[in-house]
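In the working numbering, the protein residues as written are 42 to 183. C-beta: ideal position from N, C-alpha, C; glycine also. Note that the structure is a prediction, hence the values are computed from the model and not measured. See structure below.
Right under this line is the structure:
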């Protein structure tokens with residue numbers, strides 16, 4: 042939780058929360074799950090499943106990294122992902138959790154209308170309010 046609060050207080054300082062001590066065991070565990078439980082008789086499917094899982098992890102980290110830079114994406118899809126994650130930072134950190142795939146938040150009910158939920162103290166103190174701007178108040182603070 043302290044890492045998450047620090048991350049919110051320094052929006053342009055991205056450090057992966059998951060270091061090698063966590064990533065390597067997770068990779069090995071996922072391989073065991075894919076190989077021994079999901080596809081015990083099929084090496085190809087087990088390796089494909091692991092590969093997709095690892096690539097999705099890299100996509101998550103890359104997306105999270107980009108969102109926390111001052112780069113403003115050109116595509117409307119990437120801008121929507123950025124806006125979705127900024128709601129997590131600038132409105133309420135208990136919502137808008139699936140920013141790589143915002144539709145997941147709709148599925149789990151964690152993407153309410155921003156005006157229908159309270160702004161938290163952490164969000165209120167966030168130094169970032171909109172993509173590429175650092176101000177004390179802005180479009181997401183209403």
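Going along the chain, which residues of its own chain have a beta-carbon closer than 8 Å to the beta-carbon of residue i, five neighbours each way excluded?
{"i": "residue 104", "result": "122, 140, 141"}
{"i": "residue 137", "result": "125, 126, 128, 129, 143, 146, 151, 152"}
{"i": "residue 159", "result": "133"}
{"i": "residue 84", "result": "76"}
In this structure, does DSSP put residue i in helix, strand or coil?
{"i": "residue 61", "result": "helix"}
{"i": "residue 132", "result": "coil"}
{"i": "residue 152", "result": "coil"}
{"i": "residue 93", "result": "helix"}
{"i": "residue 138", "result": "coil"}
{"i": "residue 167", "result": "coil"}
{"i": "residue 104", "result": "helix"}
{"i": "residue 109", "result": "coil"}
{"i": "residue 75", "result": "helix"}
Classify residue i: buried if its beta carbon has 16 or more other beta carbons within 10 angstroms, exposed otherwise.
{"i": "residue 113", "result": "exposed"}
{"i": "residue 65", "result": "exposed"}
{"i": "residue 108", "result": "buried"}
Once you ignore the five residues that flank residue i on each side, which residues in its own chain have a CB closer than 7 Å to its CB?
{"i": "residue 90", "result": "75, 79, 80"}
Looking at C-alpha atoms only, which residue of the options is the closest neighbour of residue i?
{"i": "residue 157", "options": "167, 149, 166, 133", "result": "133"}
{"i": "residue 149", "options": "135, 84, 162", "result": "135"}
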